[in-house]
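Residue numbers 3 to 184, in the numbering used here, belong to the letters of the sequence shown in order. Everything on this sheet refers to the single structure shown next.
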Amino acid sequence: MKKFWCLLPLLFLGLTATAQSTTLQAFNQQQAASLKTGMLVLGGWAILNILVGSFKLTKATRSRKFFFQMNLYWNIVNLMIAAAALYSIFSRDPAVATLLQSLKLHIWYKKVLYLNVGLDVAYVVLGAYLKERSRNSPKTEQLQGWGQSLVLQGLFLFVLDLVLVVVLESYAGQLLRLIPAA
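Okay, here's the thing in structure tokens:
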């Protein structure tokens with residue numbers, strides 16, 4: 003029995019590695035769940051806009067017609083983005099990712115979201131520009147409708163992307179604690 007005491011440190015080392023793996027797996031599952039929720043919100047928003055916009059487009063006139071038209075086109079793209087992101091998230095198994103893979107994926111998600119936040123601000127600015135430009139244009143109603151749509155869609159995407167950035171940033175500490183000290 004005494005000869006097995008030397009194996010005790012290996013047992014603790016094995017438990018530590020298992021705990022780290024479990025913690026990494028929990029981190030990956032938590033991050034995936036947050037991103038799934040975000041993409042389901044985006045997909046739901048897109049479907050709602052497509053359905054309501056399609057119905058309203060048949061009855062709308064003037065600038066409202068162009069507003070619903072742009073919402074329809076914009077949300078077809080949103081729906082494709084949400085579907086592609088959900089496919090990517092569902093096709094990954096959080097249990098098999100290594101620490102390095104998890105770190106790279108987390109950083110990539112944050113980079114994409116920060117880029118999207120910047121694009122969202124650009125959409126709102128472009129929408130405001132189109133609304134302003136509509137005052138002195140022969141295409142007044144078209145520019146006004148498209149501008150209103152861009153402002154609405156940009157604001158929604160800004161809030162969604164900002165919430166996802168804040169959530170992922172709150173997870174960063176968990177992931178960084180898993181990196182062994184050199």
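Glycine is no exception: its CB is placed at the ideal position from the N, C-alpha and C atoms.
Best match in Q32, A35, L44 for proximity to L159 [C-alpha to C-alpha]: Ranked by Cα distance from L159, the first of Q32, A35, L44 is L44.
Cβ pair count under 8 Å reaching 3, the stretch 111-118 against the stretch 161-170: The stretch 111-118 is in contact with the stretch 161-170.
Beta-carbon gap between R64 and E134 smaller than 8 Å: No, Cβ-Cβ distance for R64 and E134 is not below 8 Å.
The stretch 59-78 touching the stretch 147-156, judged by at least three CB pairs closer than 8 Å: With the cut-off at 8 Å, the stretch 59-78 and the stretch 147-156 touch.
Euclidean distance between Cα positions of L254 and G175: Residue numbering for the chain in the displayed model covers 3 to 184; residue 254 lies beyond these limits and cannot be assessed.
CA-to-CA distance, L105 to S23, given in whole angstroms: In this prediction, S23 has a pLDDT of 49, which is less than 50 and means its spatial position is unreliable; nothing more can be read from the coordinates.
The alpha helix (DSSP H) enclosing K141, as first and last residue numbers: Element bounds for K141: n/a, residue is neither H nor E.
8 Å Cβ cutoff met for I91 and L180: In this structure, I91 sits away from L180, with a CB-CB distance that is not shorter than 8 Å.
Alpha-carbon spacing of N80 relative to T25, whole angstroms: One C-alpha to the other measures close to 33 Å.
Helix, strand or coil at T63 [DSSP, three-state]: Residue state, collapsed to three classes: coil.
Cβ distance (whole Å) where Q155 is taken to contact Y131 below 8 Å: Their Cβ separation, rounded to whole angstroms, is 15 Å, which puts Q155 and Y131 out of contact at 8 Å.
Given F29 as reference, the closest of V98, S136, P140, D122 once Cα atoms are compared: Looking at the Cα atoms, V98 is the closest of the given residues.
Beta-carbon proximity check, L74 vs G46, cutoff 8 Å: Cβ atoms of L74 and G46: not closer than 8 Å.
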